[in-house]
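According to UniProt numbering, the residues represented by the sequence shown are 1 to 986, in order. Idealized CB from N, CA, C, for every residue including glycine. Everything numeric in this text was worked out from a predicted model, so none of it was measured.
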Amino acid sequence: MTETVGARAGARKNGTKGSAGVKIERIYTTPGVHPYDEVTWEKRDVVQQNWKTGETIFEQRGVEFPDFWSVNASTIVTTKYFRGAVGTPERESGLKQLIDRVVLTYVKAGKEHGYFATDEDGELFEHELTYALLHQVFSFNSPVWFNVGTKSPQQVSACFILSVDDSMDSILNWYKEEGFIFKGGSGAGLNLSRIRSSKELLSSGGTASGPVSFMRGADASAGTIKSGGATRRAAKMVVLDVDHPDIVEFVETKAREEDKIRALRDAGFDMDLGGKDIVSVQYQNANNSVRVNDEFMRAVEEGREFGLRSRKDGSVIETIDARELMGKIATAAWECADPGIQYDDTINDWHTNPETGRITASNPCSEYMSLDNSSCNLASLNLLKFLKDDDTFDAVKFQQVAELVITAMDISICFADFPTESIGKTTRDYRQLGIGYANLGALLMATGHGYDSDGGRALAAAITSLLTGAAYKRSAELAGVVGPYAGFARNADAHKRVMRKHAAANDAVRTLGVMDKDIHRAATKAWDEVVKLGEKNGYRNAQASVLAPTGTIGFMMDCDTTGIEPDFSLVKFKKLVGGGSMQIVNLTIPRALKKLGYTQETIEAIVEYIADKGHVIDAPGLKTEHYEVFDTAMGARAISPMGHVRMMAATQPFLSGAISKTVNLPETATVEEIEDVYVQGWKLGLKALAVYRDNCKVGQPLSDGGSTAKDAAADKAAGAGAAAEAKVVEKVVYRPTRERLPKRRTSQTTSFQVGGAEGYLTAGTYDDGRLGEVFLKFGKQGSTLAGVMDAFSIVTSVALQYGVPLETFVEKFTNMRFEPAGMTDDPDVRMAQSLMDYVFRRLALDHLDFETRSFYGIHTADERAHQLETGSYDMSTVDETDAEAVEDEIESYSTGIGAQAPKKSAEPKQEAPHAEKLDAAAVTSGAGAASAREVSSEIHSSADLLAKFGDKKAADAPMCMTCGTKMRPAGSCYVCEGCGSTSGCS
1 MTETVGARAG ARKNGTKGSA GVKIERIYTT PGVHPYDEVT WEKRDVVQQN
51 WKTGETIFEQ RGVEFPDFWS VNASTIVTTK YFRGAVGTPE RESGLKQLID
101 RVVLTYVKAG KEHGYFATDE DGELFEHELT YALLHQVFSF NSPVWFNVGT
151 KSPQQVSACF ILSVDDSMDS ILNWYKEEGF IFKGGSGAGL NLSRIRSSKE
201 LLSSGGTASG PVSFMRGADA SAGTIKSGGA TRRAAKMVVL DVDHPDIVEF
251 VETKAREEDK IRALRDAGFD MDLGGKDIVS VQYQNANNSV RVNDEFMRAV
301 EEGREFGLRS RKDGSVIETI DARELMGKIA TAAWECADPG IQYDDTINDW
351 HTNPETGRIT ASNPCSEYMS LDNSSCNLAS LNLLKFLKDD DTFDAVKFQQ
401 VAELVITAMD ISICFADFPT ESIGKTTRDY RQLGIGYANL GALLMATGHG
451 YDSDGGRALA AAITSLLTGA AYKRSAELAG VVGPYAGFAR NADAHKRVMR
501 KHAAANDAVR TLGVMDKDIH RAATKAWDEV VKLGEKNGYR NAQASVLAPT
551 GTIGFMMDCD TTGIEPDFSL VKFKKLVGGG SMQIVNLTIP RALKKLGYTQ
601 ETIEAIVEYI ADKGHVIDAP GLKTEHYEVF DTAMGARAIS PMGHVRMMAA
651 TQPFLSGAIS KTVNLPETAT VEEIEDVYVQ GWKLGLKALA VYRDNCKVGQ
701 PLSDGGSTAK DAAADKAAGA GAAAEAKVVE KVVYRPTRER LPKRRTSQTT
751 SFQVGGAEGY LTAGTYDDGR LGEVFLKFGK QGSTLAGVMD AFSIVTSVAL
801 QYGVPLETFV EKFTNMRFEP AGMTDDPDVR MAQSLMDYVF RRLALDHLDF
851 ETRSFYGIHT ADERAHQLET GSYDMSTVDE TDAEAVEDEI ESYSTGIGAQ
901 APKKSAEPKQ EAPHAEKLDA AAVTSGAGAA SAREVSSEIH SSADLLAKFG
951 DKKAADAPMC MTCGTKMRPA GSCYVCEGCG STSGCS
């Protein structure tokens, strides 16, 4: 697809081949028409608020974007990628400026270094790259948008691997290098296995500290530095070989810290992510992974002993039962999701540069694996952009775009800056690239493939094979133009061997449908050319592809799913132009149903059902054999853990690097199941694997800044101790007696809504104010639900009259999860996980004293506002002279809460037009009207919507430290849909 022709003498710099240049093909653009002139532009106001406080954290008005870009995409690009101080002439004010800043820098460098055959090819390269970025066909990784074309260092790489030796100079240098990488908006990983263990001696005669002790300093440094001027935490990966004598300490480190977090949380400290007390806990700023080899995994299978080796001479200084150690790894992962596993022998079997050195570590998200002191520039293609209207995949355009993008990525290494001299040298000598994709989950669903199905895996394998084949084909072509990478000659045989391994893996793919057969046919042709051209020219790049989490850039491209991940839920949250928000069913669902042969009437009924229930089980007219197409990462029909592993195994043989992905397990998963996932990952040929068991980490519990919760806990403990010390002198049989309410008693009726369902709660009290009866009216008279509620009311009332404390009911029924759940209309209880959760929170607020309900984390809206202002929920200490000022502050806070998103009642006539801007899409074949609905102002992300439908993983996700919105999983990281911040390095 690419021709090379003669180039002008002297046009090329640093080339080693004959004078030639790349002939750029026209893919999307129209001759004589600039891509900017083919779209309709509109101006928008980007205003971001912290939904907790109502504080405006960002504001830029009149920014210019194409009309088909979503509000989410334009907001994230404006806040994250526009350069220059807001309010100054230097500030970028539109997408054109951003794209031009980057693309023109690439074009200039490409011309200077002889990449293009003619000036016309350079111009066509500019237009095609501009079109692809403008139309969200692909995106470079975030550091490109942060840095390229600015006065800052031109750092383009998102992924870095460092090294550290067993010396204090090297360890301190590690801290410094990481700091510079974090400052540039990237993440870094390294292997600590060269550092002597705490069981070995120093030359002075003392005992070494061991690598885990030095991790503390690096962890503290990472927790202090925020990446790239954008308020996201530094991304880190720490790896230790399984034969290191300190491996058990390393494995258990984060699990012990998680125990501390729980203990401190229960004592009333603020242990939320970003909370004021979380900083006292160590090792929270890095992902940990154990590097296992085949010898260890075979020892696990056979139940043998495994030797831990000295760092000085390699001798075995201790043996350990391999199964016991694997059990400890799985137990720690069960408790806190760390450590992950990296399979050393598999990684190095696919290594293109073994003569230079082994691969010992990865970047923080585990997709980039290469030489120490190296970096990788990432870019990802949006797979849905290649799905044509007739539901066929455009393999020709996909290959053309992959070649275009890999050319641009290689050009970036020519002008890029690097944080250290050693990283710069290695990267320029080996030119590692990481092209990948996003939206695989959406593509599979839209084409009627289940994520955990043979057809879905075959399609994913074919696409991944074509992607890497196209990338290496262009790499071989570039080697004929500007020369192979400097380290190629030393590693030529190994590199060619790996190319043949990729080609052989492609030949082994079993296609099942017309779509994957067509793609596989193109991939086979590409790999034939890769091997042939590589023999002739060599290769320009040591590595070409990875599958990154695509967090922020996924939102920039308006992707429904990130990286290789399946869709995480069937219902999502979308912002509207001008403010407001809507809940919509995924736009791929109507397309998938149409592909599966359903009529328009049935599609609309199914979509409406999904909008209401959040799942497809028992959806009207939907065949059970089609349920798997709509399986998601979480929810009622969650993909099994091995479903994730099998998808990774299908695509891994076609990647230079690895896959950033977390295997989700239910809360009920056992340690043995996690161990089995790790073993199966090894057998299936994965390079790395991380797991996450629902609710294994401390979430965001309510905690008091004062001492009431701690005091209550202490009182309970003291009471328990006193009871334990009491001496039994005589057996006394206690018979409870019923204290009936007076015939005429005071009662209070509260109307409420939970998740859109209405009900009434009547609470009757004794003369002294104690609660004595509860009546719940919910559902239609005579319905099963109404009958169950009546029966529950009678049981609860009788129990109260027999002396069962209200506290017991509160403890048992709050946080219970079932539908209906979600937003309420009660300002004191804004979110309920079930009807019971709401009822007993409301009863606790009405009938329990402050100290008692604080122990259960239940507070009024006024108390929560007071806590934000003063650090304590206790309002009894408020000075009467300041009461009016406090009331004003609380009113201001309440207003801020209400302003999280414009409410329908505020400007009812302005909401309707905004619905038309819903990603150009919610009205697909009439299904959009059924799928879109207004959501409460308290729902801020798809993760919140997922929590509404009862999924625990969403409740376990961290809050964004920029805007306060709940984040959601993206590969091995978390990403915020509100502002685009990520916890990783993409």
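Nearest-angstrom Cα separation, counted from residue j out to residue i
{"i": "residue 994", "j": "T88", "result": "Any answer about residue 994 is impossible in this case: the structure gives the chain only from 1 up to 986."}
{"i": "A299", "j": "L684", "result": "17 Å"}
{"i": "D345", "j": "N293", "result": "6 Å"}
{"i": "C976", "j": "A786", "result": "40 Å"}
{"i": "N363", "j": "G110", "result": "28 Å"}
{"i": "I589", "j": "M445", "result": "7 Å"}
{"i": "S170", "j": "E177", "result": "10 Å"}
{"i": "E601", "j": "M831", "result": "34 Å"}
{"i": "P419", "j": "V46", "result": "33 Å"}
{"i": "T982", "j": "C365", "result": "11 Å"}
{"i": "D454", "j": "L512", "result": "8 Å"}
{"i": "F775", "j": "F855", "result": "26 Å"}
{"i": "A522", "j": "E628", "result": "28 Å"}
{"i": "D790", "j": "K777", "result": "7 Å"}
{"i": "S280", "j": "L95", "result": "42 Å"}
{"i": "L443", "j": "A633", "result": "15 Å"}
{"i": "F63", "j": "A132", "result": "According to the sequence shown, residue 63 is Val rather than Phe. Using only the alpha carbons, I get a separation of about 20 Å."}
{"i": "V645", "j": "D452", "result": "9 Å"}
{"i": "T770", "j": "D567", "result": "Contrary to the premise, residue 770 reads as Arg rather than Thr in this sequence. R770 and D567: Cα-Cα distance of roughly 49 Å."}
Chain C contact for residue i (CB, 7 Å cutoff)
{"i": "T750", "result": "Of the chains in the structure shown, none is chain C; there is only one protein chain."}
Three-state class that DSSP yields for residue i in the structure shown
{"i": "V22", "result": "strand"}
{"i": "Q400", "result": "helix"}
{"i": "K199", "result": "coil"}
{"i": "D321", "result": "strand"}
{"i": "Y81", "result": "coil"}
{"i": "D410", "result": "helix"}
{"i": "residue 1022", "result": "Residue 1022 is absent from the model: the chain starts at 1 and stops at 986."}
{"i": "L104", "result": "helix"}
{"i": "L800", "result": "helix"}
{"i": "Q49", "result": "strand"}
{"i": "P908", "result": "Unreliable placement is indicated for P908, whose pLDDT of 38 sits below 50; the coordinate value is still reported in the next sentence. Helix, per DSSP."}
{"i": "A508", "result": "coil"}
{"i": "W350", "result": "coil"}
Other residues of its chain near residue i: CB distance less than 7 Å, five sequence neighbours each side excluded
{"i": "V829", "result": "Y838, R841 and R842"}
{"i": "N815", "result": "Q833 and D837"}
{"i": "A73", "result": "F555, M556 and D558"}
Integer Cβ distance of residue i from residue j, believed to fall under 8 Å
{"i": "L190", "j": "S163", "result": "6 Å"}
{"i": "N373", "j": "I423", "result": "5 Å"}
{"i": "R262", "j": "Q342", "result": "Not quite, the Cβ-Cβ distance comes to about 28 Å (not below 8 Å), so this is no contact."}
{"i": "H244", "j": "S193", "result": "5 Å"}
{"i": "T550", "j": "A462", "result": "So it is not a contact: roughly 20 Å between Cβ atoms."}
{"i": "T352", "j": "Q543", "result": "7 Å"}
{"i": "G657", "j": "G635", "result": "With 8 Å as the limit, G657 and G635 do not qualify as a contact, their Cβ atoms being about 30 Å apart."}
Cβ-based neighbour list, residue i, same chain, cut-off 6 Å, excluding 5 preceding and 5 following
{"i": "F250", "result": "V212 and L240"}
{"i": "T750", "result": "L761"}
{"i": "V77", "result": "M556"}
{"i": "G538", "result": "A479, P484 and F488"}
{"i": "W145", "result": "Y81"}
{"i": "K199", "result": "P245"}
{"i": "A361", "result": "I161, G189, L190, N191 and V239"}
Close beta carbons around residue i, own chain, < 8 Å, minus the five adjacent residues each side
{"i": "V248", "result": "I320, L325 and K328"}
{"i": "K536", "result": "A476 and G480"}
message = Please give me, in chain order, every unbroken run of the beta strand (DSSP E) with length at least 3 that falls completely inside the stretch 574–661.
response = Qualifying beta strand (DSSP E) stretches, in chain order: 581–585.
message = Just to confirm the assignment: which complete beta strand (DSSP E) runs, minimum length 3, are found wholly within the stretch 119–144?
response = 138–140
query = In chain order, which beta strand (DSSP E) runs of at least 3 residues are fully inside the stretch 169–196?
reply = Runs found: 187–191.
ask   = Which ranges does the alpha helix (DSSP H) cover as unbroken runs of at least 4 residues, wholly within the stretch 400–482, from first to last along the chain?
value = The alpha helix (DSSP H) runs of length 4 or more contained entirely in the stretch 400–482 are, from start to end of the chain, 421–430, 440–446 and 454–482.
request  = Please specify which runs of the alpha helix (DSSP H), each continuous and at least 4 residues long, are wholly inside the stretch 211–299, giving them in chain order.
outcome  = DSSP runs (the alpha helix (DSSP H)) wholly in the stretch 211–299: 211–224 and 247–266.
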